Amino acid sequence: MSNGAGTMKTLGVIGAAAAACFALTTPGASPAAADELRIGFLAPMTGPFAQVGKDMVNGFEMYLEETKNNFGGAPVKFIVEDEQAKPPVSVLKAEKLIRQDKVHMFVGGVLASTGYALAPVSTREKTVYIPSIPAADDLTQRDSSKYPYLIRTGWSSSQPVHPFGQWACEQGYKKIAVIAADYAFGYETVGGFQKSFEDCGGKIIQKIWPPLGTIDFGPFIPTIKQDADAIFTLMVGPMSLQFPKQLAAAGNTKPVIGGGTSYDEFSLPFMGDEVIGHVSALQYSAALDTPKNAAFVKAYRAKYGKVPSYFSESNYTTAQLIDDVMKKTGGTWPGPEQFVAAMASLKIDAVRGPVSFDELRNPVQNIYVKKVEKKKMFGYDKDELWNTVIKTYPAVGQFWTYGKDAFLKQPVYSRDFPPCKYCE
Amino acid sequence: MDARFWLLQTFNGLSYGALLFLLGSGLSLIFGVMRIVNLAHGAYFLLGGYVALSVIWSTGSWALALPAAALAIALVGLVMERIFLRPLGFDPLRQVLLTVGFAFLFQQGALDIWGGDNMDITPPAELTRSIVLAGLHLPVYRIFMIGLAAVIGVALWLAMEKTRMGAAVRATVDDAEMASGIGIDTSRISMFIFALGSALAALGGVIGGAFLGVYPGLDFQILPIAFAVVIIGGMGSLTGAAVGALIVGLADNFGKALFPEVSYFTLYAPMALLLAVKPTGLFGRE
Amino acid sequence: MTGMTNRRKLLAAVTVLIIVLVVTPHAGPFLTLLITRALVFAILAMSLDILLGFTGLASLGQAAYLGVGAYLTAILATRYQFGLGWSFWTVIVLGALAGAATAALFGLIAIRATGVYFLMITLALGQCVWGLAYRWNSLTGGDNGLNLPGRPTFGIAMTDDLSWFYLVFAFFVASLGLLYLLVLSPFGRSLEGIREREVRMRILGYNTWLHKYIAFVIAGAFGGLAGVLWATTNGQVSPEDVVLTTSVDALLMVVLGGSGTLVGGAIGAAVVLLMREYLSTLVPWWQYALGGVYVLTILYLPGGLMSIPARVRQWRTRETGAAGLAAVPQ
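Residue numbers (this note's numbering), protein chains in the order written: chain A, 127 to 550; chain B, 479 to 764; chain C, 896 to 1225.
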């Protein structure tokens, strides 16, 4: 085999491979139906957050099925992309959804960092982005003017804990020790709680920050101050499962309260009796005793085998909101700005209760203070752990009672803000 | 920071170290005998936890889950060693990478089989209590972990020092060529050690499951820590694994309690420095 | 290495490069971005190949240099608004220097070890960088990461994905060229000598420690460069970029493509990223496909994908040989 013939063969093989690549990569001209509504959905489908992603998709899809895939007359094309809980991948997949699938909007993301990565994409591509889960405060606060095509349907981190701080004062707690995951979501949750708790006379006397992902709290629990009246915790994922157990095993007798994710229904079924009596605050509880929620929980559980968490409810309600806008426009896509404006003007009765939007496009909704109890609910025959609602704060916005301008003047809640004046 | 604090932190560090010993001893043995760095070790740990959960769900017995998970994963390790690692011969890099490839496959498989929820193993009620000793609340489960690790450690040591099989293993660790030259069936030893190492990891996963949880991502989260144990203690040495586990358990615990901001750094930086001075670890050979 | 002559290898490489250059603009914006990411990661993979394929040092910490370069870019852009215009070119140089400096520091600790111990030390060092990225909230944004304000504009706005692709492509070709010259040089040859038999090289009088150290620093420099491009391509950095699996990925890419071939790393990067980010949009079982590709390549293609043509030729000569024997009248 002479060099020349070999070279030609090599080039030929490469050329054939290239032609194949070319054919594969040139996007097929599949005609997008003119009046169909294309919704892109970004969620982690593989990796450590895969179950969260599944719950999110399930929530949205349940609503789609109830409306037979039709929002206000427009057939819905629902495209789910795996963003693997990696912000750069979410941006990549968002670009694919926008440029290749020509979606009208993209929904989802889980982590705050994903929210921050996707928000600029919506501005750059002039496409609607609906963060149904990312709760980073500034997305709809100090950075909201950068993201005119963003409307949030979930919550902001500090939103539920503002009223919760007041509730803590009402319980007579004077000094509280805080132990929370050491990252932005933890800071914003603790910051919101601290601000309102100290504004009504309480004192945060300690802040402990175990790194995100800590599962052995051995180093931290013994350092909790003995003179605290109560312990406030913010835990996520596996942390929320292990912390209460280890706290109980260490002989804790103080009341434990926490941020919404510490006891939400994603982890609750796997917890034991050690969490009975723990109180938290969130815009949703699966034990919300309303006919609408009862129907939602029963249908979801029958279909997917588990009690829905706020991951599912948030996306179910997002689907409902999109549907309501499309109903108003008679099934025609009104354009991104008009869509955002239309959704922002909605007032709906969702599974979690009444939902409307404030001027920075964050939901205004009920916040439920909920306590973990073991009982039977909704006709199920087993005693299970449920987050019983013990108090409702209606129509809570992201600024609580502080007023938008005053609130935005202060810096975003961080590890050092509000400062721990009473920490020794 | 009174005496209570120090005592409690030491106790916690010891119990964490006990778990790490289970995890690290297998890794160290596998390396000692076969010079393979098993990057699927974290996956074995996690799979042990998952198998235990399945056993508990179907039979209700936690006690049964321990040997069942260990055996199941030992089998997986055996298959992997025989069918996939053996053909590669002595090629450490490719063997390492093969174990990684499998780690990814196991991760996805576990997700598909057990789902992605954050789960937790519930041990029998007697173990979930705490005893109060001199004003300190000591969870019985942590005492159990220390006890179990000690028992297994002693058993392994006795097997290595006092049995013929153990002598054969030690010979293979010291010099595989010589060992096979004097008639030791090194390939059978390799197979046995790989299975044992996997079983130990799985056992760690079952024990750890009640303490750390069982969830996707735990495999790659625990892997660098297992390596810290083995690197500090020295590859191939059982004593090294014990000492390394103790050091890592205590250092991690105290590091987090006293300097939480730089907690990961306090683990890996000393490790790197130790390696700079003694690349084979405290008790390693070569 | 692969049985091809140098000339043919060069011709094949140039052809592939031309194809990539021509096909990408027509591949749609999503794939253009994906190919750009693959090219950046290819630079990282090639830097690792210098260590692995040519010097015989398998490193499990290469992502650290990517991280250093990427975070430097992000911090300069967000805190000091530096790097958004012509200053971008300065950032490129700074990123490479930062990668080199980090490697210079790490190399002092790592180079004394070999084999598995080298693997372990580089793992530990990589984890140190990850730990810092994760916990040094005030500097690195912690697990939230840092969002860059946008791509730089110098004359042409790089916000246009296609212009950015051409720039990255140019960097890739430049890196490939420079590294290729490196391996062909006497220095490169001595590295290969060290890979084969370090003892002999030392006996011959080579300062093997210094050679390995320099190779390590060069690999760090290119890693840093890749980091700058990575941060600018994605528009953001997070500790996820320096996690252990990224270093593992880089190693797998090199072995998958074929170590010691330079281009192999690029091919490996393309295959892995394409599967992760393109296949994942088509099927849900892409993780099995990726894991399967790793396992099968390691088992049956020790020389990686680059060794396929040589294998095919081997297989065919065996056949023609047998046929030839049969044709001879007995």
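Every residue, glycine too, gets a C-beta built ideally from N, C-alpha and C. These figures come from a predicted structure and were not determined experimentally.
Exposed or buried, what is residue i when buried is set at 16 or more other beta-carbons lying within 10 Å of its beta-carbon?
i       : result
E207/A  : buried
C1023/C : buried
T152/A  : Its pLDDT being 46, under 50, T152/A is placed unreliably by the model, and the measurement read from it follows with that caveat. It is exposed - the Cβ of T152/A has fewer than 16 other Cβ atoms within 10 Å.
R1211/C : exposed
L1151/C : buried
K1107/C : buried
L905/C  : exposed
S655/B  : Looking at the sequence provided, one finds Glu at residue 655/B rather than Ser. E655/B should be labelled exposed.
Y975/C  : exposed
P246/A  : buried
M643/B  : exposed
Q297/A  : exposed
D944/C  : buried
R541/A  : buried
My guess is that residue i and residue j are in contact by the Cβ rule of under 8 Å, so how many angstroms apart are they, rounded?
i       : j       : result
I1016/C : A750/B  : 6 Å
Y436/A  : Y410/A  : 4 Å
I710/B  : L752/B  : 6 Å
F949/C  : G1083/C : 6 Å
F551/A  : G384/A  : In the structure displayed, chain A extends from 127 to 550; residue 551/A sits before or after that span and is not available.
E559/B  : M638/B  : So it is not a contact: roughly 20 Å between Cβ atoms.
G1002/C : F1111/C : 4 Å
G1132/C : L1041/C : Going by the sequence as given, residue 1132/C is Val instead of Gly. Correct: roughly 5 Å between the Cβ atoms.
P1044/C : T968/C  : Not really, about 11 Å apart at Cβ, beyond 8 Å.
F509/B  : G759/B  : No, F509/B and G759/B are not in contact; Cβ-Cβ is about 10 Å, not under 8 Å.
W170/A  : E209/A  : First, the residue type needs correcting, since residue 170/A is Pro and not Trp in the sequence shown. That belief holds up - the Cβ atoms of P170/A and E209/A are roughly 6 Å apart, short of 8 Å.
Kindly list the residues whose CB is nearer than 7 Å to the CB of residue i, restricted to its own chain and excluding five residues on each side of it in sequence; keep chain order.
i      : result
R268/A : L534, V538
T193/A : D449
L934/C : V1063, F1064, F1067
A470/A : I277, F483, R487
L563/B : I514, Q573, L576
Which same chain residues end up closer than 6 Å to residue i when comparing Cβ atoms and leaving out the 5 residues on each side of it in sequence?
i       : result
D531/A  : none
P213/A  : S239, T240, A243
Q536/A  : none
V1207/C : none
L605/B  : V618, Y619, F622
A496/B  : M623, I624, A627
L690/B  : none
Y493/B  : In the sequence on display, residue 493/B carries Ser and not Tyr. Contacts found: R620, M623, I624.
P370/A  : E400, V401
In chain order, what residues of the same chain lie with their CB nearer than 8 Å to the CB of residue i, ignoring the 5 residues before and after it?
i       : result
G592/A  : Outside the shown range of chain A (127 to 550) lies residue 592/A, about which nothing can therefore be said.
L1147/C : G1163, V1167, Y1189
L926/C  : T919, Y1173
Below 8 Å, how does it come out for the stretch 1072 to 1084 of chain C and the stretch 252 to 271 of chain A: are there three or more Cβ pairs, yes or no? no
Do the stretch 165 to 183 of chain A and the stretch 588 to 595 of chain B meet, that is, are 3 or more Cβ pairs less than 8 Å apart? yes
Near-chain A residues of the stretch 585 to 596 of chain B - C-beta to any C-beta below 9 Å: Q585, Q586, L589, G593, G594, D595, N596
Using a Cβ distance threshold of 8 Å, determine whether the stretch 985 to 1000 of chain C contacts the stretch 1159 to 1173 of chain C, with at least three qualifying pairs required. no
Any C-beta of chain A within less than 8 Å: which residues of the stretch 673 to 694 of chain B qualify? F689, L690, G691, Y693, P694
Chain B contacts made by the stretch 1008 to 1019 of chain C, where a contact means CB separation under 7 Å: A1008, G1010, V1011, Y1012, L1014, M1015, I1016, L1018, A1019
May I ask you to list, following chain order, the residues of the stretch 494 to 526 of chain B that have a beta carbon less than 8 Å from some beta carbon of chain C? F509, R513, V515, L517
Taking three-plus beta-carbon pairs below 8 Å as touching, is the stretch 906 to 919 of chain C in contact with the stretch 1113 to 1132 of chain C? no
Are at least three pairs of beta-carbons, each pair with one atom in the stretch 546 to 556 of chain B and one in the stretch 668 to 680 of chain B, less than 8 Å apart? yes
At a Cβ cut of 7 Å, what residues of the stretch 360 to 388 of chain A count as close to chain B, listed as they run along the chain? G363, P364, L367, Q368, A375, A376, G377
Indicate whether the contact test is met: 3 or more Cβ pairs, each with one atom in the stretch 216 to 225 of chain A and one in the stretch 276 to 295 of chain A, closer than 8 Å. no
State whether the stretch 410 to 424 of chain A contacts the stretch 246 to 265 of chain A, with contact taken as three or more CB pairs (one from each stretch) at a distance under 8 Å. no
Taking a cut of 8 Å between CB atoms, which residues from the stretch 737 to 759 of chain B lie near chain C? E739, V740, S741, Y742, F743, L745, Y746, A747, M749, A750, L751, L753, A754, P757, T758
Counting Cβ pairs, one atom from each stretch, are 3 or more of them under 8 Å apart for the stretch 953 to 968 of chain C and the stretch 1007 to 1021 of chain C? yes
Counting only Cβ-Cβ distances shorter than 8 Å, please list the residues of the stretch 324 to 335 of chain A near chain B, keeping chain order. I334, W335
Count the CB pairs spanning the stretch 391 to 408 of chain A and the stretch 717 to 726 of chain B that are closer than 8 Å, and state whether there are at least three. no
Interfacial residues, the stretch 1195 to 1216 of chain C to chain B, with Cβ spacing under 8 Å: P1197
Residues in the stretch 632 to 647 of chain B having any Cβ partner in chain A nearer than 8 Å: none
Compile a chain-ordered list of the residues in the stretch 1096 to 1110 of chain C whose CB is closer than 9 Å to at least one CB of chain B. none
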